[in-house]
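Data block below; observations after.
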Amino acid sequence: ISEMHVWFRQYAQQMGMQNVRAILPEQIDLLINNSISDTITISSIILGVIGVLIGLLISMKEDSTFFVNAAKAGKDAFFYKSLMLKLRNAFLTNLFFVVLTLTLNLILPAVSFLLKSTFLIFWSYLFLRTLWQVMYLIILITKIITYEPPKENKLRKKS
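To convert, take the position in the sequence shown, counting from 1, and add 418; that gives my numbering.
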């Protein structure tokens with residue numbers, strides 16, 4: 419491979435493209451392995467955030483203004499169950515992503531380019547989906563924590 423790289427560089431220089439460099443397959447695999455390591459770190463952080471969100475939701479069920487008002491409307495169990503299901507699904511998606519990432523790290527150097535590309539596309543989709551789920555849940559739970567009921571104006575002026 420190194421001989422091919424030297425030949426490619428010499429040929430490119432003869433053609434006037436002196437700054438052209440070849441990307442070696444080892445470099446691509448090294449880049450992918452480094453990216454996989456970084457995403458496992460990010461996924462670990464995301465799993466921790468999901469754990470914190472589950473704890474927040476459990477602690478808010480009885481005391482928060484949102485759930486007190488939802489209980490008056492008879493919807494507190496519905497909201498709580500829906501949010502817990504979303505948190506569970508985000509946790510499981512992220513866990514599956516970590517397992518897929520570790521599997522990808524082990525089998526990636528031994529597979530063909532087409533299979534490698536297919537895995538990377540699916541892997542990227544799962545990563546973006548995981549980020550979107552957690553971002554959505556953070557925004558939603560933050561809105562529930564900061565919820566204030568609308569203030570009623572008891573005195574209305576007649577015009």
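For each residue, glycine too, the CB sits at the ideal point set by N, CA and C.
| Asked | Found |
| --- | --- |
| Nearest residue (CA-CA) to Val467, options Arg547, Asp494 and Phe509 | Phe509 |
| Range of the contiguous alpha helix (DSSP H) that encloses Lys504 | Asp494 to Ile525 |
| Burial state of Asn507 (16 or more Cβ within 10 Å) | exposed |
| The segment 529 to 541 contacting the segment 481 to 500, beta-carbon criterion three pairs below 8 angstroms | no |
| Cut-off 6 angstroms between Cβ atoms - residues of its own chain near Leu475, not counting five sequence neighbours on either side | Leu501 |
| Residue environment, Val424, which counts as buried when at least 16 other CB atoms sit within 10 Å | exposed |
| Reduced DSSP secondary structure (H/G/I, E/B, other) of Tyr565 | coil |
| Ile563 vs Met478 beta-carbon contact at 8 angstroms | yes |
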